[in-house]
Amino acid sequence: MRTLGLFALVAVLILGTGFLQSWNSALIILNMGLVSAIMALGVNLQWGLAGLFNVGVMGFVALGGLAVVLTSVAPVPEAWAAGGTRILGALVLGFVSIAACVLAWKRLPRGRRGWAVAVLSIGGFFLYRAVLDPGVEAVEAVNPAATGFLGGLGLPVVLAWPVGGLLAAGVAWVIGKTALGLRSDYLAIATLGIAEIIIAVMKNEDWMARGVKNVIGLPRPLPYEIDLQNDPGFVDRAAGLGLDPTTASTLYVKLGYSLMFTAVLVLVLVLAQLALNSPWGRMMRAIRDNEEAAEAMGKDVTARHLQIFILGSVLCGMAGAMMTTLDGQLTPSSYQPLRYTFLIWVMVIVGGSGNNLGAVLGGFLIWFLWVQVEPIGQWLMNAVTSGMAEGSWLKAHLLDSVQHMRLLTMGVILLLVLRFAPRGLLPER
Amino acid sequence: MEILNALVALSNFVLIPAIAYGSQLALGALGVTLIYGILRFSNFAHGDTMAIGTMVTILATWGLQALGVSLGPLPTALLAIPAGIAGAAVLVLLTDRLVYRFYREQKAKPVILVIVSMGVMFVYNGVTRFIIGPDDQNFADGERFLITAREFKEMTGLDEGLALKSTQGLTVITAVIVVALLFWFLNHTRTGKSMRAYSDNEDLALLSGINPERVVMVTWIIVAALAVVAGTLYGLDKSFKPFTYFQLLLPIFASAIVGGLGSPLGAIAGGFIIAFSEVGITYAWKKVLGYVMPESLEPSGLVQLLSTDYKFAVSFVILIIVLLFRPTGLFRGKSV
Numbered sequence: 115m116r117t118l119g120l121f122a123l124v125a126v127l128i129l130g131t132g133f134l135q136s137w138n139s140a141l142i143i144l145n146m147g148l149v150s151a152i153m154a155l156g157v158n159l160q161w162g163l164a165g166l167f168n169v170g171v172m173g174f175v176a177l178g179g180l181a182v183v184l185t186s187v188a189p190v191p192e193a194w195a196a197g198g199t200r201i202l203g204a205l206v207l208g209f210v211s212i213a214a215c216v217l218a219w220k221r222l223p224r225g226r227r228g229w230a231v232a233v234l235s236i237g238g239f240f241l242y243r244a245v246l247d248p249g250v251e252a253v254e255a256v257n258p259a260a261t262g263f264l265g266g267l268g269l270p271v272v273l274a275w276p277v278g279g280l281l282a283a284g285v286a287w288v289i290g291k292t293a294l295g296l297r298s299d300y301l302a303i304a305t306l307g308i309a310e311i312i313i314a315v316m317k318n319e320d321w322m323a324r325g326v327k328n329v330i331g332l333p334r335p336l337p338y339e340i341d342l343q344n345d346p347g348f349v350d351r352a353a354g355l356g357l358d359p360t361t362a363s364t365l366y367v368k369l370g371y372s373l374m375f376t377a378v379l380v381l382v383l384v385l386a387q388l389a390l391n392s393p394w395g396r397m398m399r400a401i402r403d404n405e406e407a408a409e410a411m412g413k414d415v416t417a418r419h420l421q422i423f424i425l426g427s428v429l430c431g432m433a434g435a436m437m438t439t440l441d442g443q444l445t446p447s448s449y450q451p452l453r454y455t456f457l458i459w460v461m462v463i464v465g466g467s468g469n470n471l472g473a474v475l476g477g478f479l480i481w482f483l484w485v486q487v488e489p490i491g492q493w494l495m496n497a498v499t500s501g502m503a504e505g506s507w508l509k510a511h512l513l514d515s516v517q518h519m520r521l522l523t524m525g526v527i528l529l530l531v532l533r534f535a536p537r538g539l540l541p542e543r
Numbered sequence: 008m009e010i011l012n013a014l015v016a017l018s019n020f021v022l023i024p025a026i027a028y029g030s031q032l033a034l035g036a037l038g039v040t041l042i043y044g045i046l047r048f049s050n051f052a053h054g055d056t057m058a059i060g061t062m063v064t065i066l067a068t069w070g071l072q073a074l075g076v077s078l079g080p081l082p083t084a085l086l087a088i089p090a091g092i093a094g095a096a097v098l099v100l101l102t103d104r105l106v107y108r109f110y111r112e113q114k115a116k117p118v119i120l121v122i123v124s125m126g127v128m129f130v131y132n133g134v135t136r137f138i139i140g141p142d143d144q145n146f147a148d149g150e151r152f153l154i155t156a157r158e159f160k161e162m163t164g165l166d167e168g169l170a171l172k173s174t175q176g177l178t179v180i181t182a183v184i185v186v187a188l189l190f191w192f193l194n195h196t197r198t199g200k201s202m203r204a205y206s207d208n209e210d211l212a213l214l215s216g217i218n219p220e221r222v223v224m225v226t227w228i229i230v231a232a233l234a235v236v237a238g239t240l241y242g243l244d245k246s247f248k249p250f251t252y253f254q255l256l257l258p259i260f261a262s263a264i265v266g267g268l269g270s271p272l273g274a275i276a277g278g279f280i281i282a283f284s285e286v287g288i289t290y291a292w293k294k295v296l297g298y299v300m301p302e303s304l305e306p307s308g309l310v311q312l313l314s315t316d317y318k319f320a321v322s323f324v325i326l327i328i329v330l331l332f333r334p335t336g337l338f339r340g341k342s343v
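This is the structure we're talking about:
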């Protein structure tokens, strides 16, 4: 009942935006809400189901974005000829030296292994750089204004969504292997760090995805608005609905995304619900509620944690790929931890941790607020400052600062919910 | 001569910046580690506590400058630090009263407190941006340099110059004084001893009649002071930008964990380890090596292990290594 009511409220809010502002902005909110809901589901798997604290959502989301470029952009043959194989070789070499270190640590006797690992890792690093650097230089020199990177595989963009999940899974495995099994805060700090590093790599490794020069004009799974407007059949149908071709085409594309995203969300939600109610889900909650007891019953707590940490990160990576597809461009500098990590957390906590529907609800509701707080804040500030003298210093400052209201509002919402309704809007059953 | 030149270049580009940065990190990590020892959670709002305290200091500095007060060769901000500490202390005590105390009384799990501190971080961050804006603020005044590179070259006749920024000297001196005061307080005063007792064994401390609320209050005040001093020194040395302070969270936590969470001595050691590795790995060694090595072996490239944009990766890798091989840190901090 409560669930239905709250989802109806979200629907009313979005429809209200459609009627009051414009259907385009309503659909923009809806689409990002769908993406946010999937991210929130991922975090909810980790936190709600297993009690794992992942502060690196941004990193996994960004990996998804990277996956879009690596999968869907057409390859740049000149760059591949200039240094592609060399870079690939260097990556393989780097991987091999890390594997050799791990192997040496595991196989060699205690006394010597430290030195062996030190020699292998330092030697491996210099070798890797020696092979990589000329390749990178050659690739980045290829028409730097337009390309200067290797490009992707030129596959359909929808394929990038699972690929994004895979990339995220790989990184999550590495992090989970190191930080899980230690105290809970360590995972938080390790994920916080890896997220910053993923962004740093994406900003600086120009050969991969052009770094801060951004990749724009990514392939789309849907037709372009301009093509629709030139299609007489589409214009006729739009006219039949009483819409002008421009609005109709933008709505058509956005609606297309909404349908695709909804399909993914429903699929993920059904799977998450099934998992939650399966024996596996019960085991997870048992582990979360009492690790010692679960361990005594013979459950491998660390392995289960690793499993669910990877699953949750896969969802974040997928959602990240979907978001980049929606944007049509990859801009590494736009990834901000407050927006992509902490906001998702607010969604999960407000929605109700441990409840999948709650996470979805939180995704929509908090995204709606995030978008709409600014106009509301603007209005509020105008009201507050209306009594002040025109051109006063304070008035100008207050009006300028409205954009920072968002952070404050989200922080206050998070604190209030944690204090007074720690189980969220839709509590776990 | 060559060796001397190499030494000077090394001090100029690696040792001095790393010592200054290490002192700033150590002060930050001390705050994190104290909160961890006494209140038993990782305070994600620490970076933004630094930011907000520094902001108050900056505002006070501007006020003093407007009044025409100055310290001559020293930056005016030094006079404004007490105002910053007072502001930050009031803020964290208020936060503790309104937010953290509730969870402490409930004996909530540490991870809940971490999430709560994330909410506090949001609020602090919003307040900072709301009041001073997200942009860079430069508030250093007074003498820029103790020794400029040119003066040093004239003095010694070496090819390499050694520039010592006054903020760097100031950072080290202030850090030494603050750390000495802190250790004296922890080891020789009644309150300090009760803090250590509370950190070691909460139940035993409570049984022996230590007032926990008082210990917590004193801790917050000390942490606020450390955060403001660290933040102001960092701001003087580089510049003040709210987002940078949020990003400092990673090296600060890395320092605290590398040293061993809950161990003040470890926090200081960790701060310097992180700072030296960060600066050392991102510095282009060509110049120094060029002086030391024979001409035939002189390196052709920059000999920079990682570009400066990857400095976070350095603290992260060190953190991972410590977590893998010695999760309690070098100085055996708490592990639970």
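So the sequence lines, in the order shown, correspond to chains A and B.
Its first residue numbered 115, the first sequence is counted upward by one per residue in my numbering.
Its first residue numbered 8, the second sequence is counted upward by one per residue in my numbering.
We put the beta carbon where it would ideally sit given N, CA and C, even for glycine.
Give a yes or no on whether the minimum CB-CB distance between Phe-456/A and chain B is below 8 angstroms.
-> Counting from 1 along the first sequence, the entry for residue 456/A is found at position 342. Phe-456/A counts as touching chain B.
Confirm, please, whether the CB-CB distance from Gly-279/A to Val-175/A is below 8 angstroms.
-> Working through the first sequence from its first residue, we reach residue 175/A at position 61. Working through the first sequence from its first residue, we reach residue 279/A at position 165. The answer is no: Cβ separation not under 8 angstroms.
Where Gln-135/A sits in the DSSP three-state scheme | Position 21 of the first sequence, counting from 1, holds the residue named residue 135/A. Three-state result, Gln-135/A: coil.
Spatially closest choice to Ala-140/A from Thr-523/A, Leu-120/A, Lys-368/A, Glu-488/A, by CA coordinates | Position 26 of the first sequence, counted from the first residue, corresponds to residue 140/A. Per the Cα distances, Lys-368/A.
Between Leu-326/B and the rest of its own chain, which residues show a CB-CB distance below 7 angstroms, the 5 nearest in sequence each way excluded?
-> Translated into the one-based positions of the second sequence, residue 326/B becomes position 319. Excluding positions up to five away in sequence, the list reads Ala-261, Ile-264, Val-265.
Quick one: grab the DSSP three-state call for Phe-263/A.
-> Taking the first residue of the first sequence as position 1, residue 263/A is located at position 149. Phe-263/A falls in the coil class under three-state DSSP.
If you check the beta carbons only, do Asp-207/B and Gln-31/B fall under 8 angstroms apart?
-> In the second sequence, residue 207/B corresponds to position 200, counting from 1. In the second sequence, residue 31/B corresponds to position 24, counting from 1. No, they are not a contact pair.
Would you list, in chain order, the members of the region 293-308 of chain A that have their beta-carbon closer than 8 angstroms to a beta-carbon of chain B?
-> Ala-293, Leu-296, Arg-297, Ser-298, Asp-299, Tyr-300, Ala-302, Ile-303, Ala-304, Leu-306, Gly-307, Ile-308
Candidates Arg-537/A, Ser-515/A, Gly-538/A, Met-115/A: closest to Ile-139/B by CA position | Taking the second sequence and counting its residues from 1, one reaches residue 139/B at position 132. Answer by Cα proximity: Ser-515/A.
State the DSSP-derived secondary structure class of Val-550/A, mapped to helix, strand or coil.
-> No statement about residue 550/A is possible, as the shown extent of chain A runs from 115 to 543 and does not include it.
Quick one: grab the DSSP three-state call for Lys-116/B.
-> Residue numbering aside, residue 116/B sits at position 109 when the second sequence is read from its first letter. It is coil, neither helix nor strand.
Would you report the Cα separation of Phe-263/A and Ile-288/B, rounded to the nearest angstrom?
-> Working through the first sequence from its first residue, we reach residue 263/A at position 149. Working through the second sequence from its first residue, we reach residue 288/B at position 281. So the alpha carbons of these two residues sit roughly 26 angstroms apart.
Kindly list, in the order they appear in chain A, the residues whose Cβ is closer than 9 angstroms to that of Asn-145/B.
-> Counting from one through the second sequence, the residue named residue 145/B turns up at place 138. Per Cβ cutoff of 9 angstroms: no residues; Asn-145/B is ~19 angstroms from chain A at best.
Less than 8 angstroms separating the beta-carbons of Gly-44/B and Val-235/B?
-> On the second sequence, position 37 is the one that residue 44/B refers to. On the second sequence, position 228 is the one that residue 235/B refers to. Not a contact, by the Cβ cut-off of 8 angstroms.
Note down, in chain order, every chain B residue with its Cβ under 9 angstroms from the Cβ of Gly-165/A.
-> Start at 1 with the first residue of the first sequence, and residue 165/A comes out as number 51. Within 9 angstroms Cβ-Cβ: Lys-116, Val-118.
Exposure of Phe-129/B, with buried meaning 16 or more beta-carbon neighbours within 10 Å = Within the second sequence, numbered from 1, the residue matching residue 129/B stands at position 122. Buried is the call here.
Rounded separation between Val-272/A and Ala-259/A - CA only = Position 158 of the first sequence, counted from the first residue, corresponds to residue 272/A. Position 145 of the first sequence, counted from the first residue, corresponds to residue 259/A. Whole-angstrom Cα-Cα distance: 27 angstroms.
Selection from Cys-215/A, Gln-421/A, Ala-433/A that minimises the alpha carbon distance to Gln-160/A | Here residue 160/A corresponds to residue number 46 of the first sequence, with the count starting at 1. The shortest C-alpha separation from Gln-160/A is found at Gln-421/A.
Expected contact under 8 angstroms - CB spacing of Gly-266/A and Leu-184/A to nearest Å | The count along the first sequence starts at 1 and reaches residue 266/A at position 152. The count along the first sequence starts at 1 and reaches residue 184/A at position 70. Indeed, because the Cβ distance is near 5 angstroms, the residues count as touching under 8 angstroms.
Identify the contact partners of Val-526/A in chain B, using a Cβ-Cβ distance below 7 angstroms as the criterion.
-> Locating residue 526/A in the first sequence gives position 412, counting from the first residue. Residues of chain B passing the Cβ test: Val-130.
When the distance is taken between beta carbons, is Val-485/A closer than 8 angstroms to Ile-527/A?
-> Position 413 of the first sequence, counted from the first residue, corresponds to residue 527/A. Position 371 of the first sequence, counted from the first residue, corresponds to residue 485/A. Contact: no.
Go to Leu-529/A, then tell me how far its alpha helix (DSSP H) extends in each direction, as first and last residue.
-> By 1-based counting over the first sequence, the position of residue 529/A is 415. Segment 519-534, the alpha helix (DSSP H) holding Leu-529/A.
DSSP beta-bridge partners for Lys-200/B?
-> Your numbering for residue 200/B matches position 193 in the second sequence. In the DSSP output, where bridge partners are listed per residue, Lys-200/B has none listed.
Note down, in chain order, each residue of its chain lying with its Cβ closer than 7 angstroms to the Cβ of Leu-213/B, except the 5 sequence neighbours on either side.
-> Residue 213/B sits at position 206 when you count from the first residue of the second sequence. These residues qualify, in order along the chain: Pro-219.
Which term fits Gly-238/A, buried or exposed, when burial requires 16 or more other beta carbons within 10 angstroms of its beta carbon?
-> Within the first sequence, the letter at position 124 stands for residue 238/A. Burial call: buried.
If you run the structure through DSSP and keep just helix, strand and coil, what is Leu-294/A?
-> Position 180 of the first sequence, counting from 1, holds the residue named residue 294/A. In the structure shown, Leu-294/A sits in a strand (DSSP, three-state: E or B).
If we cut at 8 angstroms on Cβ distances, does Tyr-317/B have a partner in chain A?
-> Numbered from 1 along the second sequence, position 310 holds the residue referred to as residue 317/B. Tyr-317/B counts as touching chain A.
How would you list, in chain order, the residues of chain B whose beta-carbon sits under 8 angstroms from the beta-carbon of Arg-533/A?
-> If you number the first sequence from 1, residue 533/A lands on position 419. Under the 8 angstroms cutoff, chain B gives Val-106, Phe-109.
Which residues, in chain order, does the region 309-326 of chain A contribute to contact with chain B at a C-beta distance below 7 angstroms?
-> Glu-310, Ile-311, Ala-314, Lys-317, Asn-318
Might you give, ordered along the chain, the residues of its own chain that have their beta carbon closer than 7 angstroms to the beta carbon of Phe-375/A, omitting 5 neighbours on each side?
-> Here residue 375/A refers to the residue found at position 261 when the first sequence is read from its first residue. Answer for Phe-375/A: Asn-145, Leu-148, Val-149, Met-436, listed in chain order.
Could you have a look at Lys-172/B and say whether DSSP puts it in helix, strand or coil?
-> Translated into positions along the second sequence, residue 172/B becomes position 165. The answer is strand: DSSP assigns Lys-172/B an E or B state.
Bridge partners of Leu-78/B, per DSSP?
-> Here residue 78/B refers to the residue found at position 71 of the second sequence. In DSSP, Leu-78/B forms a bridge with Leu-81/B.
With a 10 Å radius around its C-beta and 16 neighbouring C-beta atoms as the bar for buried, classify Met-8/B as buried or exposed.
-> On the second sequence, position 1 is the one that residue 8/B refers to. Exposed.
Using 8 angstroms as the limit for Cβ to Cβ distance, is Arg-151/B near chain A?
-> Sequence index remark: in the second sequence, residue 151/B carries index 144 (1-based). Not an interface residue.
Measure the C-alpha to C-alpha separation of Ile-480/A and His-419/A and round it to an integer number of angstroms.
-> Against the first sequence, residue 480/A aligns to sequence position 366. Against the first sequence, residue 419/A aligns to sequence position 305. Their backbone Cα atoms lie some 28 angstroms apart in a straight line.
How would you list, in chain order, the residues of chain A whose beta-carbon sits under 8 angstroms from the beta-carbon of Met-125/B?
-> Translated into the one-based positions of the second sequence, residue 125/B becomes position 118. Within 8 angstroms Cβ-Cβ: Val-169, Phe-456, Trp-459, Leu-528.
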